[in-house]
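Reviewing the structure listed below.
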Amino acid sequence: MVQEIKVTNPYSRCDCKSEYKVDEERSSKYPFVGALCMNGGDVDNSYTTKSLLQKRVLSITNPILVKNTEEMLTNLDFPKCIKVADLGCSSGQNTFLAMSEIVNTINVLCQKWNQSRPEIDCCLNDLPTNDFNTTFKFITFFNKKLTSNGSCFVSGVPGSFYSRLFPRKSLHFIYSIYSIHFLSKVPDGLEKNKMSVYITSSSPLSEYKAYLNQFKRDFTTFLRMRSEEMVHNGRMVLTLIGRNTLDNPLYRDCCHCWTLLSNSLRDLVFEGLLSASKVYSFKMPFYDPNEEEVKEIIRNEGSFQINDLEMHEFDLGHSKEKCSLQSHKAKAGQKEASCIRAVTETMLVAHFGDDIIDALFHKYAHHVSQHASCRVKTSVTLIVSLVRK
């Protein structure tokens, strides 16, 4: 099987008139947000080697990806050229797992309906600091995942997905996996006098409202930008970390990833390895919405219709294992610590420096092991598919 794969150099597109000055906001109050990208390369602690959770999440996302690809293709009467975009592709092979699923679905359906296979423009987007080079090394892997002949053109598109990235009415299909829970900035108005990097049960209600308002603003902007870029009846599948609590917006369980990170940073402060003021000034640019918050924002923005919305309990893996032995607990802790390190290290180094990173994630692994038998989780994975009206 010979598959024609063409790779273009990474390029950027921008809407210079965009009112959403995301880069300026990032660099002002919390400069470490500008370092928000996964660990590059393919060595230990890189996102490429430690993104096993994201690969598992893909397995539950695939049925919705396939369903919406088929519906998009038939509703648009089999376009001759199809543009697909992964927003927040990060580095490594995971982006090609989802992309190959979409491309193979298109080719199979075209064969079934005796239609000529379209040319497919596969656009991989992330922030300019993302390690696109490592991703492009997996083009051969992508080629092997494809099941039939055709023409695919792979390109990198650096830029924030909270701004315009593509020409108007050019996209047919968009997917984003574990990206849009990251905010464009840390919300304004957060208290600086506590050693928690995110919302906890002891946070003031104003902190939850600040995070929710920032997510509303960001997600609304995200939808508005995509509505300009997508064709009528185009599809979008979004997968993000959410929560399953409706009655108490402040509650996060003891195993929440940012609760564990706060506890680990606090340990270093108590041991004199880190100043308390440094921890006070670090907050995660992140929000885990519940299902109702996501639906309300989509309805209020008005450009998209919800096609599917699913909620899956999905953690980093240790709570599904039998961890009766201490050695098993320690192994589970190291596994989760490595995953979180791959996601957060660049931001942590930008704010705290790299001297404390090994010690920090040693503490993190220990805290995970202490809760390895915990079965109750507030965090879930939300999958929503949308149709451009």
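Using the numbering used here, the letters of the sequence shown map in sequence onto residues -5 to 383.
Positions of the beta carbon are idealized from the N, C-alpha and C atoms, including for glycine.
For clarity, every value in this text was computed on a predicted model and none was experimentally measured.
Name, in chain order, the residues that DSSP records as bridge partners for residue i.
i, result
"ARG229", "PHE167, VAL381"
"ARG237", "SER373"
"SER149", "CYS117"
"PHE176", "PHE280"
What is the residue span of the alpha helix (DSSP H) that residue i lies within?
i, result
"GLN109", "Here GLN109 belongs to no alpha helix (DSSP H), and DSSP marks it neither H nor E."
"LEU199", "199 to 223"
"VAL180", "Run containing VAL180: none; DSSP gives neither H nor E here."
"PHE132", "Premise fails: PHE132 is in no alpha helix (DSSP H) and is neither H nor E."
"TYR274", "270 to 274"
Looking at the structure shown, is residue i part of a helix, part of a strand, or coil, going by DSSP?
i, result
"LYS188", "coil"
"LEU159", "coil"
"HIS250", "coil"
"HIS306", "strand"
"GLU315", "Caution applies to GLU315, whose pLDDT of 46 falls short of 50 and renders its modelled position unreliable; the value that the coordinates give is listed next. In the structure shown, GLU315 sits in coil (DSSP, three-state: anything other than H, G, I, E or B)."
"LYS15", "Confidence at LYS15 is low in this model, with a pLDDT of 49, below 50, so its placement is unreliable and the value that follows should be read with caution. In this structure, LYS15 counts as coil in the three-state DSSP scheme."
"GLN364", "helix"
"PHE298", "strand"
"ILE193", "coil"
"ASP125", "coil"
"THR141", "coil"
"ASP348", "coil"
"PHE72", "coil"
"GLU339", "helix"
"LEU262", "helix"
"SER85", "coil"
"ASN62", "helix"
"ASN242", "coil"
Under the rule that 16 or more other beta-carbon atoms within 10 Å means buried, what is residue i, buried or exposed?
i, result
"PRO283", "buried"
"HIS226", "exposed"
"HIS312", "In this prediction, HIS312 scores a pLDDT of 44, lower than 50, which makes its location untrustworthy; no coordinate-derived value is stated."
"GLU286", "exposed"
"LEU199", "exposed"
"GLN208", "buried"
"GLU265", "exposed"
"LYS179", "buried"
"THR215", "buried"
"ASN242", "exposed"
"LYS316", "In this prediction, LYS316 scores a pLDDT of 46, lower than 50, which makes its location untrustworthy; the coordinate-derived value is nonetheless stated afterwards. Its Cβ having fewer than 16 others within 10 Å, LYS316 is exposed."
"THR63", "buried"
"LEU376", "buried"
"LYS277", "buried"
In terms of residue numbering, what span does the beta strand (DSSP E) encompassing residue i cover?
i, result
"ASP80", "75 to 81"
Could you tell me the distance, in whole angstroms, from the CA atom of residue i to the CA atom of residue j?
i, j, result
"PHE155", "PHE213", "10 Å"
"ASN98", "LEU121", "27 Å"
"SER379", "LEU267", "45 Å"
"ARG246", "SER275", "21 Å"
"LYS77", "THR89", "15 Å"
"ILE100", "PHE298", "22 Å"
"VAL362", "LEU67", "44 Å"
"ILE171", "ASN301", "17 Å"
"PRO161", "HIS345", "36 Å"
"ASN69", "GLY347", "52 Å"
"THR194", "GLY82", "27 Å"
"GLY153", "ARG220", "14 Å"
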